[in-house]
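Q: Here it is: the structure, laid out below.
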Amino acid sequence: MVNRGRFFFRQYPKLTLLVFLLLFSMAALYVTEMWLYYLGFQPGLAKRGWYLTPADSLVETKDFYTNNLGLYVANAEAYYRHNPQDEPPYCINSLGFRTAELNEKTDTAKQTILLLGDSFAWGGGAEPLERSFADLLNQNSRFRCLNTGIPGTDPAQYAEIARLYTPLVQPDVVVCTFFTGNDLMYDTRPVQAGYQLFYWTNAGALIGYPPEFLKGTAPPFSSAQEAYRFVADHYTLWNNKHNPVKQFCARYRTTTLIWYVMRNLIAAQPADWFKLPVSVHYLHQIEEIARQNKAAFLLLLIPTIDEADFTAQRVLNRYQKKLPGIQLHLPPNLSSDYYLPMPNGHLNNAGHRFYAQYITALLDSLRQQKATH
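Residue numbers for the sequence shown follow our numbering, so the first one is 2 and each next one is one higher.
In structure tokens, the structure reads:
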């Protein structure tokens with residue numbers, strides 16, 4: 002048997018090498034697929050963590066929408082209809098925020114917090130919502146937390162909410178959560194009525210405009226159907242009937258990722274590689290609005306699950322360079338154990354409790370400093 006094996010290798014060296022490479026490639030593909038699955042990638046989708054599915058018949062659920070002020074807010078009627086488990090006491094107020102009315106008169110002895118943010122502030126990952134860090138703060142008798150966090154929003158909206166409602170609320174502290182996964186903006190975004198930030202549909206949340214809109218060279222999408230076609234064509238490999246290579250790539254996470262890496266390299270604009278985030282300009286606006294209204298300002302970093310196991314100093318150093326002039330706050334001893342696995346990637350109940358404890362410590366420190374001075 003040994004001689005036959007040696008004979009086969011010597012007689013067919015190229016075939017043997019081909020078989021070896023084929024087996025190695027299959028093993029490498031399997032390992033890579035498992036790794037990408039763990040990271041939250043899905044076959045046929047360009048970006049990890051996306052909740053998108055093909056839809057033969059697109060239906061708008063309208064859980065969230067852009068109001069006449071240009072703010073992306075919750076539609077209470079539609080949201081509760083599709084999420085009955087989140088019925089009051091997790092009320093959506095008349096402005097579309099999951100919180101008490103902003104003009105509600107309350108006990109002035111409580112420290113009032115105006116919370117700005119996205120799905121993390123909204124309560125994403127908490128089960129039930131009353132276990133989110135915003136709700137846990139509200140359950141503390143010393144605090145009144147007004148939560149304006151809305152899924153999918155960005156620093157452009159945070160700044161506009163601060164401009165519109167800080168004078169009304171007159172908070173003691175403005176707390177802005179900053180998710181490092183998508184709050185680094187490289188183009189300004191107009192906060193105005195007339196377009197949807199996202200179309201909320203049975204296929205998922207569809208971005209309401211093409212990238213060129215932010216550069217002023219293209220209009221926003223006029224309908225959910227137009228948004229769906231754009232997303233399907235540019236961020237998925239769903240439309241592959243007449244392209245066998247694309248059809249093959251859509252079957253696996255690895256080949257999907259290779260397809261989009263190659264496409265992005267071909268379409269890359271070298272000038273964009275050196276662009277600095279514009280997020281810091283919005284954050285400085287919020288900080289100045291807080292100062293004008295005699296409120297403290299806290300910028301709270303929420304790293305991605307991939308960064309959660311880094312040391313706090315490493316994360317702070319990374320983002321201090323991108324957000325100069327802003328004091329960043331990050332709880333020490335953060336861990337990926339405080340997150341739900343990808344593709345969700347939000348804080349779990351333990352993570353929300355961890356952040357609530359950290360924010361409470363920051364607020365207590367601010368109160369002590371104010372009393373001292």
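Glycine is no exception: its CB is placed at the ideal position from the N, C-alpha and C atoms.
Compute the Euclidean distance between the alpha carbons of LEU364 and THR109, then round it to the nearest angstrom.
A: Looking at the two C-alpha atoms, the distance is approximately 16 angstroms.
Q: Drop a sphere of 10 angstroms on the beta-carbon of HIS347, count the other beta-carbons inside from all chains shown, and report buried for 16 or more, exposed for fewer.
A: That one is buried.
Q: Going by DSSP in three states, ASN345 sits in which element: helix, strand or coil?
A: Correct three-state label for ASN345: coil.
Q: Name the one or two DSSP bridge partners that GLU61 has.
A: According to DSSP, which records beta bridges pairwise, GLU61 is partnered with THR202.
Q: Does LEU72 come out as helix, strand or coil in the three-state DSSP assignment?
A: LEU72 falls in the coil class under three-state DSSP.
Q: Counting only runs of 4+ residues fully inside the region 206-285, write out the alpha helix (DSSP H) ranges in chain order.
A: List check, alpha helix (DSSP H) in window: 225-236, 245-250, 254-268.
Q: When the Cα atoms are used, what is the spatial distance from ALA122 to ASP173?
A: Going by the C-alpha atoms only, they are around 18 angstroms apart.
Q: Could you tell me the boundaries of the beta strand (DSSP E) in which LEU18 lies?
A: Element bounds for LEU18: not the beta strand (DSSP E) but the alpha helix (DSSP H), 14-40.
Q: Between the region 224-243 and the region 98-113, do at least 3 Cβ pairs fall closer than 8 angstroms?
A: No, because fewer than three Cβ pairs between the region 224-243 and the region 98-113 fall closer than 8 angstroms, the two stretches do not touch.
Q: Name the residue from PRO304, LYS322, TYR320, GLN328 whose alpha carbon lies nearest to the alpha carbon of ASN334.
A: That would be PRO304, whose Cα lies nearest to the Cα of ASN334.
Q: Buried or exposed, going by whether 16 or more other CB atoms sit within 10 Å of the CB of ASN148?
A: By the 10 Å Cβ count, ASN148 comes out buried.
Q: I need the straight-line Cα distance from LEU23 to PHE311, nearest angstrom please.
A: Answer to the nearest angstrom: the Cα atoms are 37 angstroms apart.
Q: Taking the alpha-carbon positions, what's the ARG190 to PHE21 distance?
A: Approximately 52 angstroms between the Cα atoms of the pair.
Q: THR312 by DSSP, collapsed to three states: which one?
A: Looking at THR312 - three-state DSSP - the assignment turns out to be coil, as it is neither helix nor strand.
Q: Which value, in whole angstroms, describes the spacing of the CA atoms of GLU131 and MET343?
A: Spanning the two alpha carbons is a distance of roughly 22 angstroms.
Q: Answer with buried or exposed for ILE267, where buried requires no fewer than 16 other C-beta atoms within 10 angstroms of its C-beta.
A: Exposed, because fewer than 16 other Cβ atoms sit within 10 Å of the Cβ of ILE267.
Q: In three-state DSSP terms, what is ARG145?
A: Three-state DSSP puts ARG145 in a strand.
Q: Which residue marks the beginning of the beta strand (DSSP E) containing GLN112, and which one marks its end?
A: Per DSSP, GLN112 belongs to the beta strand (DSSP E) from 112-117.
Q: Under 8 angstroms by Cβ, that's how I've got PRO152 and SER120 pegged, so tell me the actual separation to the nearest angstrom.
A: With 8 angstroms as the limit, PRO152 and SER120 qualify as a contact, their Cβ atoms being about 4 angstroms apart.
Q: What distance in whole Å lies between the Cβ atoms of TYR196 and THR62, which are believed to be in contact at a cut-off of 8 angstroms?
A: That belief does not hold up - the Cβ atoms of THR62 and TYR196 are roughly 18 angstroms apart, past 8 angstroms.
Q: Alpha helix (DSSP H) containing VAL170: first to last residue?
A: First-last of the alpha helix (DSSP H) with VAL170: 156-170.
Q: By Cβ distance below 6 angstroms, which residues in the same chain neighbour LYS247 in space, the five residues on each side in sequence not counted?
A: Cβ within range, chain order: LEU238, ASN241.
Q: Among ARG354, LEU185, VAL176, which one has its Cα closest to the Cα of PRO325?
A: PRO325 has its Cα closest to that of LEU185, out of ARG354, LEU185, VAL176.
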